[in-house]
Each structure stands twice: as structure tokens, then as C-alpha cells.
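Below is one structure; the comments refer to it alone.
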Amino acid sequence: MYTYRAMEKSLGAPESHHVCKGLDYPELRRLDALEEDMAYFYGRQWRSEVTMTPATEAYVRRIEEVAADSSLAYLLVAHQYTRYLGDLFGGQMMGAMATQSLGLDENKGVAFYNFPKIVDQKAFITMWYGRLNELELSDQEKKSVVDE
């Protein structure tokens, strides 16, 4: 959740890199859904009870670091791809597995896995990949995104 907060804050900043903005779709944003799930599992006071792990702290720092440096901000594309496309690809399956294995009430605690604003998932993914492949990045920048 903390990584999504850092990423979505960075993507929403006016100075965010134009390359990242070209792949930023509100339909993919996960923070609100994650907060809904956290409230379901931990109650309204979850913010005072849940803390970041050291690995999460490092991940958040890295997102903030690349976002703050205009010469590196395009690297957020790697995080957009890893987080959002991974979530979208496996979301429905993971949500169903969580519901079944945890014995959850239907659609409770699994908001993160639902993308209600994406009507045709396959078409959306195809469109997003098309936009990704059209990004104007140098060969070195592309390599840096993969390395990130």
C-alpha cells in the first residue's frame, strides 16, 4: 500500500515525467482500493496499527528518489509496469483465491483485485502495451527501465 501511495503521489505531481504520465490511467490506481481492504481487515484505525517493513521502506525510498530527479523520473515506468500490469493480469484470479481460502464475504477485502472501471481487460492491456512500446526512450533509457 505504501508503495502505491508513493507511486501515485509521484505520478500525480505536475512535474512528473511526461513518459510516465502517458501510461498513467486512473483505472489502474490502487491506493483507494488498498485502503478499503485495510479497513476491512484491520478496522478504521489501521493506519495507526500497520507499519512499513524495511523492504517496503526501501522500495518507497527508491520510488521517491527516481520521482524527485527529473533525469531519472522516467524509471517510474518500470514500477508502473510491475505493479499495475501485474495486478491487472493476476487480479481476478488472486481475488477469487483470497475470497475462497480466507472464507471472505463476496467482494469484501478484495477491492485491490477488482478493476471495475476497466470493462475489457484484454483490450485495455493491449492498449497499454501499445502505449508502452511507443514511448520515446533511448536504448540506454530502455535498458535502465528494464534494470530498474
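So the number in this note's numbering is just where the residue sits in the sequence shown, counting from 1, plus 416.
Glycine included, every Cβ here is placed at the ideal spot set by N, Cα and C.
Please read all numbers here as calculations on a predicted model, not as lab measurements.
- Within the same chain, Cβ atoms closer than 7 angstroms to the Cβ of A455 are found at W462, the five residues on either side in sequence being excluded.
- With contacts defined by Cβ atoms closer than 9 angstroms, D453 and V562 do not form a contacting pair.
- Ranked by Cα distance from M417, the options E451, G438, L444 are led by E451.
- With 16 or more other CB atoms across the displayed protein chains lying within 10 angstroms of its CB, T419 is buried.
- By alpha-carbon distance to G511, the top candidate from V476, L492, F531, V493 is F531.
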